[in-house]
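> Per the working numbering, residue 336 is the first one in the sequence shown, and the count goes up by one each step. From the three backbone atoms N, C-alpha and C, an ideal C-beta is built for every residue, glycine too. After the C-alpha cells below, expect a handful of questions from me.
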Amino acid sequence: MYTLRTLPGDDVRQLMWRFAERFDLQMSVQSARSIARTTVAKLVAEGARNTHEWTEQKGELLTAFDQAGLTALFMDPHQGGFIEGPKNLALALVAFELAWVDAGAATSSLASCLALAPIHEKGTPEQRDKYMAACVPPQPGEDREIWRGAFALTEPLPYVGVDTGVLCGKATVAEWKDGEEPMLQVDKRGRFITNMDFANFVTAAVESNDERIKGTFMVILEEGDEGTFDRGAPTLKMVHQLSSTRDPVLNLKVPASRIIGGYDVVDGVIVPKYNHSEIIGAVFHRTRIPVGLMTSAKLLSAVEPVIRYHRNRFRGGDACKEGSPRFDKGLQINEDALQRLADVWASGEAGCSLAFAAARLADRFDPIEKAKEAHFAAEGVTSIRKQMAALRKLHDQVREFIKLEYSAPGTRDEARYNELSSDTLVQYAYMEALAGILNPGVKLWNTGEGANKMREAVALVGGYGITEDCPGFLMQKWSDCQLEATYEGPEAVQRRHLTMTMTSDIFGCVMENWIGQMRRAGQDVPGLGGYVLASAMELWQWTLAFLQEATDQDGRKLYHNKRQGVTFPMADALGWILGPYFLACDVMELIEKGPMSMTLAEGLDDLTGFYKDLCHVQAARAAGEVARICSELVYGYNWNRCPTPDGGIAEKCEPELKSKEECAQDGTLGDQSKCARPDLVRFRELKATLDMCLAGSRLAKDRAGNALAEVMIPEALDYPQG
336 MYTLRTLPGD
346 DVRQLMWRFA
356 ERFDLQMSVQ
366 SARSIARTTV
376 AKLVAEGARN
386 THEWTEQKGE
396 LLTAFDQAGL
406 TALFMDPHQG
416 GFIEGPKNLA
426 LALVAFELAW
436 VDAGAATSSL
446 ASCLALAPIH
456 EKGTPEQRDK
466 YMAACVPPQP
476 GEDREIWRGA
486 FALTEPLPYV
496 GVDTGVLCGK
506 ATVAEWKDGE
516 EPMLQVDKRG
526 RFITNMDFAN
536 FVTAAVESND
546 ERIKGTFMVI
556 LEEGDEGTFD
566 RGAPTLKMVH
576 QLSSTRDPVL
586 NLKVPASRII
596 GGYDVVDGVI
606 VPKYNHSEII
616 GAVFHRTRIP
626 VGLMTSAKLL
636 SAVEPVIRYH
646 RNRFRGGDAC
656 KEGSPRFDKG
666 LQINEDALQR
676 LADVWASGEA
686 GCSLAFAAAR
696 LADRFDPIEK
706 AKEAHFAAEG
716 VTSIRKQMAA
726 LRKLHDQVRE
736 FIKLEYSAPG
746 TRDEARYNEL
756 SSDTLVQYAY
766 MEALAGILNP
776 GVKLWNTGEG
786 ANKMREAVAL
796 VGGYGITEDC
806 PGFLMQKWSD
816 CQLEATYEGP
826 EAVQRRHLTM
836 TMTSDIFGCV
846 MENWIGQMRR
856 AGQDVPGLGG
866 YVLASAMELW
876 QWTLAFLQEA
886 TDQDGRKLYH
896 NKRQGVTFPM
906 ADALGWILGP
916 YFLACDVMEL
926 IEKGPMSMTL
936 AEGLDDLTGF
946 YKDLCHVQAA
956 RAAGEVARIC
966 SELVYGYNWN
976 RCPTPDGGIA
986 EKCEPELKSK
996 EECAQDGTLG
1006 DQSKCARPDL
1016 VRFRELKATL
1026 DMCLAGSRLA
1036 KDRAGNALAE
1046 VMIPEALDYP
1056 QG
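Below, the structure is given as C-alpha cells:
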C-alpha cells in the first residue's frame, strides 16, 4: 500500500512529458498558466461566456496573450518569436494550460497559429516572413498594428463538412495584362470561422472556376483588398464562447502572388504549386494534436474540484462531528466516488500522454520531412508516386530500424542503429507511418472518450455540476467537449484516416515491437499493466489481419473503405490502445528519471505506485473495449456456426466448411474444436489470454481510489469561481 501525498506538480509533468531540460518551454507553460488562472478565469466567472458577440471584455484575452509572449509562440526568432525550430510541443503545452480553465480561450490563442499554418507549411519564403512577422506584437519604438489571421476552410452547408475535398469557394481571373501579374477574383463564404471579429487576413481554400486557373489552392485575403470583406454574422454557438466565431462573406480582388506556395504559368494557365488538399494535409497533420489535448486537460483539471466537493459534502448536521470519517472524507467514504474519479483521472492521463507523444513526434518529424523534400528535389524526383515507390524500396531497412528502436536495452547493434537513425528516408518512412496513426488517434480518442468521461466528472458533483458557479467550471468544460469532437474534423474523418494508415506494414511492424516492449514491461515493471496491454494489442492485430482476408456470406470483403461498420470500430479499438501504451511509457520514464530529481526522490515509490495503478486501470479498460469490438467483428460476420449456442446444431456451417450431413459422416458433428475454422481457434486462445491478463486490475483500482481519499489538496482552487 502507498500514500499519494499531493497532486502531481510540474516536476512530475516535466519528466513524464519530456521537457525537463527545456527552459523555454517551462517559461511558456508558466506564462500560459498565469493568464489562464487570472484573466481567463475572471472572464468565465464574470459571465463573459454568456454572449455570442465578441466583446471588449473578451478582447482582454488578446492583450494578455500579446503581453505574455503567447502570440509570438509560433514564430521563429528572426520573425519575432523566441523558440527556434519546431513548436508543436510548445503549442500543445500552452493549449493544455489554457484549456485547464477554458477551451475557448485556448482556441483564441491557437487560432492565429492555425491561420498562419498554411503559410508556415507551404508558403513561399516571402509569404512566411511577411505574415509571420506581421503577427508578432510590435516592439517598443515600432509604429504598427499587430495583424491577426483566420483560417477559412469550412463553408456553408451542404458543402464542406466531413468531406474537405468539396469546395464552393471559387476563383477566377479578374485581370491579366501582358507582362504583369494576374489578378484573381476570389469568392468565399465561410462557416464557423474563428477569429473573424478581428482578423486582418484570411487563408482561404478555393477552387478554380476559370479555365485559366488549374484545380484548387489556398490564397491569402486581406481586409484592405478591393471588394467585400464582410465579417459576417456571429455563429450562435453554445460552447467556446471565449473565442470569436463568425460566418464571413468574402469577395475580393487579389494578386496571384497571394496563392500560398506560389504558382507557375504553363501554356497560359496558372498552376498553383500546391492544391488545397496538400496544404490542409500538412496543416492538420499537426494542428489536431492541441485540440485533442484540450479535452484531456479538462479531465485532469476536474480532479481537484471533485475531491474538494466530495470532502465538503455532508459535513452538516448533529451526526457529523469534526474528526469523524464523515466529516473528514465526506462522500469519499464511499468506494464508488473514489473509483469513478480514478477512472476520470486515468483517462485524462492517458489522453495527455498520447497527445504529448504525438506533439514530440511532430517536432522530430518536421525537419525530417523538409530533409526528405530536399533529398528528392536534389535527385529531381518531384512526382509523389515516384517518391512513394522509392520509399517502398526501403521497407526492409525501416523494419530493421524499428526492431532496433524498440529492442531491449543493451541488446541492439548500436553501430547499425546509428546508421539507420541518420538515414533521412528511413526516418521519414518510420515517422510518417507513426504520425499517420497518432495524429488522428489523438483527435478521435481524446475528444470522443474525453467527452464521455467529462460527463462523469460533472455527475460526480451532483446537481452542483450543472450550475454556472460549479467549482472548476465543469459544466462549461463538458459542453465545450462537444465542439472539440468536431473541430478540425469530426470523428468520422479521423476514423477514415486511420482506416487507411493502420493497415500499413510499417505500422504493423511498430505494433509487433510495441507488443514485445509491453511484455518486457509486464515482467520488469510489475503492476503497470504491461501484459494486458500486450495481449490487447495482439488481439487487435490478429483481428485486423483476419478482417482483411475474410468475406461475408455474399463473398464481399469485410475490410473495405465502404464497410465502415468494420473499419470504423477497428479504428476505435486502436484509439483505446494508444492512450495506455503511451501512459505506460511515461510512467516508465518517471520511474527511470525520478530518482535524479531532488524534489521527487523522497516519496517517489508512492508516486510511481499510484501512476502504475492508474496505467493498469486504463489498460484494463482498453483491453475490455478491444476485446468487445474484436469479438463483435470476428463472430458477428460469421453466420450459422455449428454448434449453436443453445447446444443445437445449425443446418450448415460457413460456406467453406461442411454441411451437417458431412459432419455426421466424418464424426465431427457438434465438435466445435474440429468443426470451427482453425484460425478462429487462435482467436479464442488470444482472447482467453487477454482475460487472464486482467488479473489484478481491479485491485489496482482499489488502491488508486484509496489514494484519492488521502491526497492533500490546497484549501481553495487557484482561480476564481464566481
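Going by DSSP, name the residue or residues bridged to Phe-552.
Residue 552 sits at position 217 when you count from the first residue of the sequence shown. According to DSSP, which records beta bridges pairwise, Phe-552 is partnered with Val-541.
> Could I get the ranges of all uninterrupted alpha helix (DSSP H) runs contained in the segment 735-763, with 4 residues as the minimum, in chain order?
749-756
> Buried or exposed: which applies to Gly-525, given that a residue is buried once 16 or more other Cβ atoms fall within 10 Å of its Cβ?
For the purposes of this step, residue 525 is taken as residue 190 along the sequence shown, with counting starting at 1. Classification for Gly-525: buried.
> Using 8 Å as the Cβ pair cut-off and three pairs as the minimum, do the segment 631-643 and the segment 788-802 touch?
yes
> Checking the sheet assignment: what are the DSSP bridge partners for Tyr-598?
Residue numbering aside, residue 598 sits at position 263 when the sequence shown is read from its first letter. DSSP, once it has assigned bridges, lists Pro-607 as partnering Tyr-598.
> Indicate the three-state DSSP secondary structure (helix, strand or coil) for Arg-340 in the structure shown.
Counted from its first residue, the sequence shown places residue 340 at position 5. Three-state DSSP puts Arg-340 in coil, outside helix and strand.
> Which word fits Arg-751, buried or exposed, when buried means at least 16 other C-beta atoms lie within 10 angstroms of its C-beta?
On the sequence shown, position 416 is the one that residue 751 refers to. Around the beta carbon of Arg-751, fewer than 16 other beta carbons sit within 10 angstroms, so the residue counts as exposed.
> Let me make sure I understand the geometry here. Which of Lys-422, Met-351, Asp-345, Leu-879 has the alpha-carbon closest to that of Lys-947?
Taking the sequence shown and counting its residues from 1, one reaches residue 947 at position 612. Considering only alpha carbons, the answer is Met-351.
> Based on DSSP bridge pairs, tell me the residues matched to Ile-528.
Within the sequence shown, the letter at position 193 stands for residue 528. Arg-581, per the DSSP bridge assignment.
> How long is the line joining the alpha carbons of Asn-896 and Val-1016, rounded to whole angstroms?
Within the sequence shown, numbered from 1, the residue matching residue 896 stands at position 561. Within the sequence shown, numbered from 1, the residue matching residue 1016 stands at position 681. Looking at the two C-alpha atoms, the distance is approximately 27 Å.
> Skipping 5 residues on each side, what residues in its chain have a beta carbon closer than 7 Å to that of Ala-1039?
Along the sequence shown, one-based indexing puts residue 1039 at 704. For Ala-1039, where only same-chain residues beyond five positions count, the Cβ hits under 7 Å are Ala-677, Phe-945, Asp-948, Leu-949, Val-952.
> Tell me, please, whether the segment 595-610 touches the segment 452-460 by the rule of three or more beta-carbon pairs shorter than 8 Å.
Result yes; three or more Cβ-Cβ pairs closer than 8 Å.
> Around the Cβ of Asp-889, are there at least 16 other Cβ atoms within 10 angstroms (buried) or fewer (exposed)?
Start at 1 with the first residue of the sequence shown, and residue 889 comes out as number 554. Under this definition Asp-889 is an exposed residue.
> Tell me the DSSP secondary structure of Gln-520 in three-state form.
Counting from one through the sequence shown, the residue named residue 520 turns up at place 185. Gln-520 falls in the strand class under three-state DSSP.
> Quick check on Met-1047: does DSSP put it in helix, strand or coil?
Numbered from its first residue, the sequence shown carries residue 1047 at position 712. In this structure, Met-1047 counts as strand in the three-state DSSP scheme.
> Which first and last residues belong to the alpha helix (DSSP H) in which Glu-873 is found?
As a position in the sequence shown, residue 873 is number 538, starting the count at 1. Taken as a continuous stretch (DSSP letters only), the alpha helix (DSSP H) holding Glu-873 covers 865-884.
> Specify whether the segment 727-738 and the segment 953-965 touch according to this definition: at least 3 beta carbon pairs, one from each stretch, less than 8 Å apart.
no
> Check each candidate in Leu-769, Ile-642, Arg-675, Phe-409 and name the one with the smallest Cα separation from Gly-665.
For this step, residue 665 is matched to residue 330 along the sequence shown. The candidate whose alpha carbon is nearest that of Gly-665 is Ile-642.
> Could you pull the DSSP bridge partners for Pro-702 from this structure?
Within the sequence shown, the letter at position 367 stands for residue 702. BP columns for Pro-702 are empty, so no partner.
> May I ask which residues mark the beginning and end of the alpha helix (DSSP H) holding Pro-915?
Position 580 of the sequence shown, counted from the start, is the residue given in the question as residue 915. Per DSSP, Pro-915 belongs to the alpha helix (DSSP H) from 899-928.
> Following the continuous alpha helix (DSSP H) through Ala-446, name the residue where it begins and the one where it ends.
In the sequence shown, counting from the first residue as 1, residue 446 sits at position 111. For Ala-446, the uninterrupted alpha helix (DSSP H) segment begins and ends at 438-457.
> From Leu-1021, Leu-571, Met-518, Met-553, pick the residue whose C-alpha is nearest to that of Gly-562; which is it?
Locating residue 562 in the sequence shown gives position 227, where the first residue counts as 1. Comparing Cα-Cα distances from Gly-562 to each of Leu-1021, Leu-571, Met-518, Met-553, the minimum goes to Met-518.
> Return the CA-CA distance between Ile-1048 and Glu-924, expressed in angstroms with no decimal places.
To locate residue 1048, count along the sequence shown from 1; it is residue 713. To locate residue 924, count along the sequence shown from 1; it is residue 589. Whole-angstrom Cα-Cα distance: 25 Å.
> On the three-pair Cβ rule with 8 Å, is the segment 476-491 touching the segment 435-444?
no
> By a C-beta neighbour count over all protein chains shown, 10 Å radius and 16 as the cutoff for buried, is Thr-934 buried or exposed?
Sequence index remark: in the sequence shown, residue 934 carries index 599 (1-based). By the 10 Å Cβ count, Thr-934 comes out exposed.
> Helix, strand or coil: which one does DSSP assign to Gly-938?
Stepping through the sequence shown from its first residue, residue 938 is reached at position 603. Reduced to three states, the DSSP call for Gly-938 is coil.
> Quick one: is Gln-414 buried, meaning 16 or more other Cβ sit within 10 Å of its Cβ, or exposed?
For this step, residue 414 is matched to residue 79 along the sequence shown. Gln-414 is buried by the Cβ-count criterion.
> Report the three-state DSSP secondary structure of Trp-482 (helix, strand or coil).
Here residue 482 refers to the residue found at position 147 when the sequence shown is read from its first residue. DSSP places Trp-482 in coil when its eight states are reduced to three.
> Report yes if the C-beta distance between Leu-577 and Leu-378 is below 8 Å; otherwise report no.
Along the sequence shown, read from residue 1 onward, the residue named residue 577 stands at position 242. Along the sequence shown, read from residue 1 onward, the residue named residue 378 stands at position 43. Result yes, Cβ atoms of Leu-577 and Leu-378 sit closer than 8 Å.
> With a Cβ-Cβ cutoff of 8 Å, do Ser-1032 and Val-867 count as a contact?
Sequence index remark: in the sequence shown, residue 1032 carries index 697 (1-based). Sequence index remark: in the sequence shown, residue 867 carries index 532 (1-based). Yes, they are a contact pair.
> Under 8 Å Cβ to Cβ from Thr-1079, same chain only, skipping five residues before and after it: list those, please.
In the structure displayed, the chain extends from 336 to 1057; residue 1079 sits before or after that span and is not available.
> Using a C-beta cutoff of 8 Å, does Trp-352 count as contacting chain B?
The structure shown contains no chain B; it is built from a single protein chain.
> From Arg-483 to Ile-528, what does the alpha carbon distance come to, in whole angstroms?
Numbered from its first residue, the sequence shown carries residue 483 at position 148. Numbered from its first residue, the sequence shown carries residue 528 at position 193. Between Arg-483 and Ile-528, the C-alpha separation is close to 13 Å.
> Less than 8 Å between C-beta atoms, sequence neighbours within five positions excluded: which residues of the same chain meet that for Ile-737?
Working through the sequence shown from its first residue, we reach residue 737 at position 402. The residues are Tyr-765, Ile-841, Cys-844, Val-845, Asn-848.
> DSSP on Ala-506, reduced to helix/strand/coil?
Within the sequence shown, numbered from 1, the residue matching residue 506 stands at position 171. Three-state result, Ala-506: strand.
> Checking the sheet assignment: what are the DSSP bridge partners for Glu-561?
Here residue 561 corresponds to residue number 226 of the sequence shown, with the count starting at 1. Looking at the DSSP assignment, Glu-561 forms a beta bridge with Lys-588.
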